[in-house]
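Asks:
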Amino acid sequence: MNVQKIFIASAAGAATLFGSGYIIYVLLFGNSPIGLEESAQEVMLTASETKFSGIIVMELLYGLLLAATLNWKGTSGFGSGLIPGALIGSLIGFTFGLDLLSTTSLVNFNYVIFAGVSYAVRYGLAGGVIALVYGQNNQ
């Protein structure tokens, strides 16, 4: 598979991560402070500016990570990318949550669980979309 196909798949994955993140974190949970300690909730309420450029670059990099990984696995079709994507996402989410829990006083264990599960859902969907793009490009 050539580099162009990986970049197309990673862009599709990044768009899926961005869209599913918006649906989960903004629409479904309304930016609720799940697992945040009170001091972190105060900071969140006073911080009014979201840095979309940072979010977009982050999602592009995560999309590239998923696309490269699923390329090595040789996936094609939504179902073949769903489980590996969810596994990668849960590992990233639980690791990120545990990192914050262990090194700051901003979160509690509920955040670790929420991060792991929400990342698994988002990355599972993105992995499926990436594998679907790979399947479309192989026909």
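Residue numbering for the sequence shown follows this note's numbering, starting at 3 and increasing by one per position.
Every residue gets a Cβ at the ideal spot worked out from N, C-alpha and C, and that includes glycine.
Nothing here was measured: the structure is a model prediction, and the numbers come from that model.
(1) Measure the C-alpha to C-alpha separation of L84 and A128 and round it to an integer number of angstroms.
(2) Roughly how many whole angstroms lie between the Cα atoms of A17 and T106?
(3) Could you name each continuous alpha helix (DSSP H) segment of 4 residues or more that falls completely within the segment 52-80, going from the start of the chain to the end?
(4) Would the segment 7-14 and the segment 99-118 be scored as touching if the rule is three or more Cβ pairs under 8 Å?
(5) Tell me whether L84 sits in a helix, a strand or coil according to DSSP, three-state version.
(6) Run through DSSP, which three-state label would L108 get?
Replies: In short, the structure shows the following:
(1) 8 Å
(2) 30 Å
(3) 54-75
(4) no
(5) helix
(6) coil
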